[in-house]
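Just add 4 to the spot in the sequence shown (first one is 1) and you have this note's numbering.
Glycine is no exception: its CB is placed at the ideal position from the N, C-alpha and C atoms.
Values in this document were obtained by computation on a predicted structure and should not be read as measured data.
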Amino acid sequence: MAKDLNKIEFNHNIEEFEKNYYENDKSKYPLINNLGYDLYDSNDNQSISDDERIDMILKLESKFAEIMDIMRISRHDPNSTHTPYRVAKMFVNELFAGRYTNPPKITVFPNRKHVNNLIISQGIDIMSVCSHHWQTISGKCVVGYIPGDYVVGVSKLSRIVEWFSRRPQIQEELGEQIADYIQSILQPKALGVVIKAKHYCMISRGVEESEEDTEMITSVMRGYMLNDQSLRNEFLNLIKDF
Ligand SMILES: [Zn+2]
């Protein structure tokens, strides 16, 4: 019993320490970096030139080498020799690619037949990274909409989802960003964006949930999908096994 109380006391102190430490530090967080570039939210976007990209990767390489030195990992180990460069390139060109690239080119087509029913694209891959721990978020996304004046190719929906996923994210905001963007280019009468994903920051660390069982589901509904219960049921019924 005494041991448990000690533990609670200890956790409490750690929380207090972290709270003070971060709150006091907040005013010191910079708004620009030492090259004069604006700092912006992890899941936001500003496209960069090829020169800026190369520069970013090389600067990161030296920092990742420093991190390895701090962690006492030798780069004489042949498996670690080029790791700083590999990791730098992976973050800029792959895991965080959606922060630095232009939006995908989207062509919309007129809804000539006045389609007034649900169009659903499912099985869209989500491969993202949580902004809290930079651990993998992996899952699937479904987009369903009833067109207004325009329709869009299903492959374009995948590109939109990918563009927003390839940033440090939280799943709740990812769904909203995807919905906002589709709304802005298509102005559909109804829209639903459902994401089902595994968060490896809950699997490989923290609460250490089992890989098979843990999943987070978020849904964003817009337009008729918000108010028309039978339409929403139809949508959710059609995607129930996704
Ligand atoms: Zn996390």
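Query: Does N231 come out as helix, strand or coil in the three-state DSSP assignment?; Result: helix
Query: Where does V4 fall in DSSP's three states?; Result: Look at the range of the chain in this structure, 5 to 246, and you will see that residue 4 is not part of it.
Query: With H, G and I counted as helix, E and B as strand and the rest as coil, what does DSSP make of L9?; Result: The predicted position of L9 is uncertain, since its pLDDT is 48 and thus under 50; a value taken from the coordinates is nonetheless stated next. Helix.
Query: With hydrogens ignored, establish whether the beta-carbon of H118 is closer than 8 Å to any heavy atom of ligand 1.; Result: no
Query: Of the residues Y204, L39, S169, H80, which one's Cα is nearest the Cα of E216?; Result: Y204
Query: Report yes if the C-beta of M131 is less than 8 Å from at least one heavy atom of ligand 1; otherwise report no.; Result: no
Query: When you compare each of E219, Q173, P108 to I189 by their alpha carbons, which one comes out closest?; Result: P108
Query: Does the Cβ of N149 have 16 or more other Cβ atoms within 10 Å, making it buried, or fewer, making it exposed?; Result: The sequence given here places Tyr at residue 149; Asn does not occur at that position. When all chains shown are included, Y149 counts as buried.
Query: Between the segment 84-91 and the segment 154-173, do at least 3 Cβ pairs fall closer than 8 Å?; Result: no
Query: Apart from the five residues just before and just after H137, which ones in its own chain have a Cβ nearer than 6 Å to its Cβ?; Result: C205
Query: Using 8 Å as the cut-off, classify the Cβ of C205 as near or not near the heavy atoms of ligand 1, replying yes or no.; Result: yes
Query: Are the CB atoms of L122 and E238 within a distance shorter than 9 Å?; Result: yes
Query: Between C134 and ligand 1, is there a pair consisting of the residue's CB and a ligand heavy atom that are separated by less than 8 Å?; Result: yes
Query: Quick one: does the C-beta of Q139 sit closer than 8 Å to a heavy atom of ligand 1?; Result: yes
Query: Out of S142, E19, M72, F113, which one is the CA nearest neighbour of E219?; Result: S142
Query: With Y104 as the anchor, note down where its alpha helix (DSSP H) starts and where it stops.; Result: 101-104
Query: Would S135 and N47 be called neighbours here (beta carbons separated by less than 9 Å)?; Result: yes
Query: Which two residues bound the contiguous beta strand (DSSP E) that contains G196?; Result: 194-203
Query: Is DSSP giving V158 helix, strand or coil here?; Result: helix
Query: Buried or exposed for I77, going by 16 or more other Cβ atoms inside 10 Å?; Result: exposed
Query: DSSP three-state label for K144, please.; Result: strand
Query: Hey, out of R103, A194, V147, M72, whose CA is closest to D153's CA?; Result: A194
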